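As C-alpha cells, then:
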C-alpha cells in the first residue's frame, strides 16, 4: 500500500530517533515494561507518545493531525473530518450536542445505538421516535422509510432535526436519500450514525453513504470495518461552519491525552481506503456470498452491505447456541440473536478467508434443515412515539427494584440494552409493555446479554416508584 500518511510518518520518525523520554507516559517508550510483557508491549509503546514537537495536538490541530484530517475529508467528500479516539460514541454525543438545543423536537430512528440516546438525553431534547421498517423474512429492522419520515414531519413540522442510523448492525440501508430529502424540505439538520459504514464510499456497488445522500454530519467507526485500532472513528461535517461547535464539545467529551497509536491508525486506514478504490471489493464479496449460497442453500439472509454476512440458524438451535458451536472451529462471530449469527467479512483478500471459512460452514450446516419462518428478531416499535429527555433527567433517584414478572405497566427507571447490538429495549422513562417484557425474558433465558443494572440477570427491573 502506497499512501501519504503524515501523522504516521511523523510518529514513526520520532520513534526511530532513539528519543530520551522525560515526559508522560510513564512507560518511557516501553522501556519500563516488566520482562514477561515487554515483548508484547514494547514495540507499540514506542508509538504511544504525547503532544511533542512535530506530533501536533488533537484539540488544536495545526500540523500532522490536521493534515491527516484534511486528507480524510478530501477522500470522503466533506468540508471537515475530525479524528476521534472515543469511538462513534463520543462522535454521536458531540454531534448531537453541537446541532440541537434543549427543548427542541428532533425526529429519531427508534433502533439507534444507545450512544445516540445518551446524546439526546444530554442535550435535553424532545425526541420523536419513528419506527424502522422490518424485513418480513428475517424479522430484522431495515431502516426508516421515506414515508415514515414524511409522516413524522407532517405530525411535528416544528422538528429541528432528523437522526438516523445507517447502515444497521446487520448491513441494511433504508431509503436514506429520500428520508434526508424530506428532512431538508423542513429545513431540518440531518445527523447520521454511520458507525458501520466507513467503507461505503470506496466502491459504487456498496450502498450509498450518508454523506452522498446529503447528511449534514456523519459519524463512522473506522475500527469496525477498516484497519484502525479500536476506538478510532471519524466525524465528517458537510459544512465548515459546524466545525467550531463540534470541536467545542469534543474538547469537553474526549480525553485530553489522546492515543497516538489510534490517531495514526486512522491516518493509515484512510490511506488503505485509497488502495482499494477501483479494486471491485463489493463484487468480490458478492461472489463469496453467492458461492456460499450455492454450497448451503438458504444459509444467509439477504441485506444491502455484502461486508455483513447474516447466517440463518438451523432448526433446533438459537443464535447464541449456534455461535458457541462455531467457536469449536475457531470461528468468532460479531453477534447473535434468537434467529441469526452475524459475521463481519474483511474488505481485502476475501479469497483467503474463503478458503478458511467455506469448508467449515459447509461442514457445520451439512444435513441440517434451515427454516425461513421466524418471529421478530426484535420487538415491534410504535410508528411514532414522543419521549422528553428533559422531563426524565434526575428522576432515577426515586426508583425501586421489582420482580420482572410484576413490571408490566410500570415506568422503567434505567436503560435496558441488549448488547450487542446496543439498541435500547427501553429507555429510562418508558412504560414497560408486555411484548418487550416477553422479548427480554426470552432474550435472557436463551443466553443473550443485556447492559443494565446487575439485578436484571436475577429477574428484577428498576422502575420508578409509584406516588400514592
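In this note's numbering, the protein residues as written are 956 to 1423. Don't be surprised by glycine CBs; every beta carbon is placed ideally from N, CA and C. Predicted, not measured: the structure shown is a model, and the values here were computed from it.
Pop quiz: residue 1098 and residue 1129 are said to be a contact at Cβ under 8 angstroms. What is the actual Cβ separation, rounded to whole angstroms? The pair is a contact, with the Cβ atoms about 2 angstroms apart (cut-off 8 angstroms).
Neighbourhood of residue 979 by C-beta, 7 angstroms cutoff - its chain only, sequence neighbours within 5 removed: Only 1005 meet the Cβ criterion.
Closest to residue 1426 by CA distance: which of 1333, 1419, 1382, 1401 is it? As displayed, the chain neither begins before 956 nor continues past 1423, which places residue 1426 out of reach and without an answer.
Where does the unbroken alpha helix (DSSP H) through residue 1222 begin, and where does it stop? Looking at the DSSP string, the run of the alpha helix (DSSP H) that includes residue 1222 is 1215 to 1231.
Reduced DSSP secondary structure (H/G/I, E/B, other) of residue 1104: Helix at residue 1104.
Burial state of residue 1270, where buried means 16 or more other Cβ atoms lie within 10 Å: Around the beta carbon of residue 1270, fewer than 16 other beta carbons sit within 10 angstroms, so the residue counts as exposed.
In whole angstroms, what is the alpha-carbon distance linking residue 1050 and residue 1172? Distance between the alpha carbons of residue 1050 and residue 1172: 7 angstroms.
Taking the DSSP output, what are the residues bridged to residue 1381? DSSP output for residue 1381 lists 1371 as bridge partner(s).
Own chain, CB closer than 8 angstroms to residue 1280, minus 5 neighbours either side, in chain order: Cβ-Cβ distances below 8 angstroms link residue 1280 to 1272, 1319 in the same chain, with the five nearest sequence neighbours on each side left out; the list follows chain order.
Who are the Cβ neighbours of residue 1103 in its own chain at under 6 angstroms, not counting the five residues just before and after it? Sequence-distant partners of residue 1103 (beyond 5 residues in either direction) whose C-beta falls short of 6 angstroms from its own C-beta, in its chain, are 1085.
In this structure, does DSSP put residue 1061 in helix, strand or coil? Strand.
Would you say residue 1276 faces chain B, with C-beta separation under 9 angstroms as the test? Here there is only one protein chain, and chain B is not present.
With 16 as the cutoff for other CB atoms within 10 Å, does residue 1230 come out buried or exposed? Label assigned to residue 1230: exposed.
Within 10 angstroms of its Cβ, does residue 1212 collect 16 or more other Cβ (buried), or is it exposed? With fewer than 16 Cβ atoms within 10 Å of its Cβ, residue 1212 is classed as exposed.
Is the CB-CB distance between residue 1120 and residue 1067 below 9 angstroms? In this structure, residue 1120 places its C-beta atom within 9 angstroms of the C-beta atom of residue 1067.
Just to check my reading of the structure: residue 1288 and residue 1302 have Cβ atoms closer than 8 angstroms, yes? What is that Cβ distance to the nearest angstrom? The pair is not a contact, with the Cβ atoms about 18 angstroms apart (cut-off 8 angstroms).
Determine the direct distance from the alpha carbon of residue 1393 to that of residue 1421, and round the result to whole angstroms. Using only the alpha carbons, I get a separation of about 23 angstroms.
My understanding is that residue 1093 touches residue 1295, with C-beta atoms under 8 angstroms, so please give their C-beta distance in whole angstroms. With 8 angstroms as the limit, residue 1093 and residue 1295 qualify as a contact, their Cβ atoms being about 7 angstroms apart.
First through last residue of the beta strand (DSSP E) which encompasses residue 1035: From DSSP, the beta strand (DSSP E) with residue 1035 extends over 1035 to 1039.
Find the nearest neighbour of residue 1170 within the set 1162, 1186, 1155, 1194, judged by alpha-carbon distance. The option with the nearest alpha carbon to residue 1170 is 1194.
Nearest CA to the CA of residue 1201: which residue from 1157, 1174, 1025? Per the Cα distances, 1174.
To the nearest angstrom, how far is it from the Cα of residue 1168 to the Cα of residue 1135? Between residue 1168 and residue 1135, the C-alpha separation is close to 7 angstroms.
Exposed unless 16 or more other CB atoms sit within 10 angstroms - verdict on residue 977: Residue 977 comes out exposed.
Residue range of the unbroken beta strand (DSSP E) whose run includes residue 1418: Counting along the chain, the beta strand (DSSP E) containing residue 1418 begins and ends at 1415 to 1419.
Can you name the start and end residues of the alpha helix (DSSP H) that residue 991 belongs to? Looking at the DSSP string, the run of the alpha helix (DSSP H) that includes residue 991 is 990 to 1000.
Of all the alpha helix (DSSP H) runs that stay within the bounds of the stretch 1259 to 1314, which reach a length of 4 or more residues? DSSP runs (the alpha helix (DSSP H)) wholly in the stretch 1259 to 1314: 1274 to 1282.
Measure the C-alpha to C-alpha separation of residue 1199 and residue 1025 and round it to an integer number of angstroms. Answer to the nearest angstrom: the Cα atoms are 15 angstroms apart.
Measuring straight from C-alpha to C-alpha, what distance separates residue 1417 and residue 1307? Rounded to whole angstroms, residue 1417 and residue 1307 show a C-alpha spacing of 48 angstroms.
For residue 1326, tell me which candidate among 1340, 1333, 1388, 1253 has the shortest Cα-Cα distance. Closest by C-alpha distance to residue 1326, out of 1340, 1333, 1388, 1253, is 1253.
Delimiting residues of the alpha helix (DSSP H) encompassing residue 970: Per DSSP, the continuous alpha helix (DSSP H) segment holding residue 970 begins and ends at 961 to 971.
Completely contained beta strand (DSSP E) runs for the stretch 1108 to 1191, where each covers 3 or more residues: At a cut-off of 3 residues, the continuous stretches assigned as beta strand (DSSP E) that sit fully inside the stretch 1108 to 1191 are 1116 to 1120, 1144 to 1148, 1172 to 1175.
Within this structure, are the beta carbons of residue 1138 and residue 1062 separated by less than 9 angstroms? Annotated as proximal: residue 1138 and residue 1062, with beta-carbon spacing under 9 angstroms.
Residue 1181 beta carbon less than 9 angstroms from that of residue 1023: At least 9 angstroms separates the beta-carbon of residue 1023 from that of residue 1181.
Element boundaries [beta strand (DSSP E), containing residue 1390]: Under the DSSP assignment, residue 1390 falls outside any beta strand (DSSP E), being part of the alpha helix (DSSP H) whose first and last residues are 1389 to 1400.
Enclosing beta strand (DSSP E) for residue 1343 [first to last residue]: Here the beta strand (DSSP E) through residue 1343 covers 1339 to 1343.
Say whether the stretch 1370 to 1384 touches the stretch 1396 to 1415, bearing in mind that this needs 3 or more beta-carbon pairs closer than 8 angstroms, one atom from each stretch. As far as the Cβ criterion goes, the stretch 1370 to 1384 touches the stretch 1396 to 1415, which means the pair count is three or higher.
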